[in-house]
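Just so you know, we're using the numbering used here here: the sequence shown kicks off at 567 and counts up by one. Beta carbons: idealized from backbone N, C-alpha and C, even for Gly. Okay, so here's the structure we're looking at.
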Amino acid sequence: MITTSDDTPRLATRELTGPLRVLASAAWPERPDDQLPSIAGFVESSFNPLVAETAERCLRRHYGPPPALGAPRTALLLASPTGDTGTADALDRATTTGRRVAPLLFFQSNPNAVLGHLSARWQLDGPVVALGPGFDTESELHDRARLLIEDGDAEQVLLITAAQGPPDRATAVLLAP
Numbered sequence: 567m568i569t570t571s572d573d574t575p576r577l578a579t580r581e582l583t584g585p586l587r588v589l590a591s592a593a594w595p596e597r598p599d600d601q602l603p604s605i606a607g608f609v610e611s612s613f614n615p616l617v618a619e620t621a622e623r624c625l626r627r628h629y630g631p632p633p634a635l636g637a638p639r640t641a642l643l644l645a646s647p648t649g650d651t652g653t654a655d656a657l658d659r660a661t662t663t664g665r666r667v668a669p670l671l672f673f674q675s676n677p678n679a680v681l682g683h684l685s686a687r688w689q690l691d692g693p694v695v696a697l698g699p700g701f702d703t704e705s706e707l708h709d710r711a712r713l714l715i716e717d718g719d720a721e722q723v724l725l726i727t728a729a730q731g732p733p734d735r736a737t738a739v740l741l742a743p
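So, in structure tokens, the structure goes:
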């Protein structure tokens, strides 16, 4: 481990020679009766619960219940071709009708907010990255995960993809060299 000029711990850079291994995976939905749980601080939209529940399923399959004590430095990488359309629609409805916009909508409109929620809950200490449209293939997303590991930012990556529907759908994979 090395440190940057601001004393942030960082792993040494390395070149990976093989494909990333899948340590655990999850999807939304997995069963016909799946219901997204609500999350305190996230309102109006299914996007953040969709991301959180899918990621939690993946992490539970590898670590058991939170927190992930002893987990190596883990990056969270979220890719969404649609973004949070539920929050965007709620903001549009409020501004169109002249209603006061709920303050929580501003907080949750940043996709890193749900990644921060997951990092805190699971005590993961790697970077959080959110990508919008343009990263459509599994290969492209695995390349981004690989870069986080090769650059020394993480030892493993939780890669989450999410798209609001109907139907809402998401995947999560925990990747490591």
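Buried versus exposed call for residue i [16 or more other C-beta atoms within 10 Å across all chains shown]
i	result
residue 619	buried
residue 740	buried
residue 517	Because the chain in this structure spans residues 567 to 743, residue 517 falls outside the shown range and cannot be described.
residue 737	buried
residue 665	exposed
residue 604	exposed
residue 720	buried
residue 692	buried
residue 652	buried
Sheet register partners of residue i (DSSP bridge)
i	result
residue 715	Its beta-bridge partners do not exist; DSSP assigns none.
residue 527	Lying outside 567 to 743, the shown extent of the chain, residue 527 is not represented and no answer is given.
residue 722	640
residue 591	739
Beta-carbon spacing of residue i, residue j below 9 Å
i	j	result
residue 687	residue 643	no
residue 759	residue 647	It is not possible to answer for residue 759, since the shown part of the chain is limited to 567 through 743.
residue 645	residue 726	yes
residue 716	residue 581	yes
Sequence-distant residues of the same chain with beta carbon closer than 6 Å to residue i, five excluded per side
i	result
residue 650	611 and 613
Beta-carbon contacts of residue i that lie in its chain and below 7 Å, excluding the five residues immediately before and after
i	result
residue 634	625, 688, 689 and 690
residue 594	600, 616, 619, 620, 734, 735 and 736
residue 685	642 and 694
residue 586	708, 711, 712, 741, 742 and 743
Same chain, Cβ closer than 8 Å to residue i, five either side skipped, listed in chain order
i	result
residue 583	none
Are the region 615 to 631 and the region 583 to 597 touching by the rule of at least three beta carbon pairs closer than 8 Å? yes
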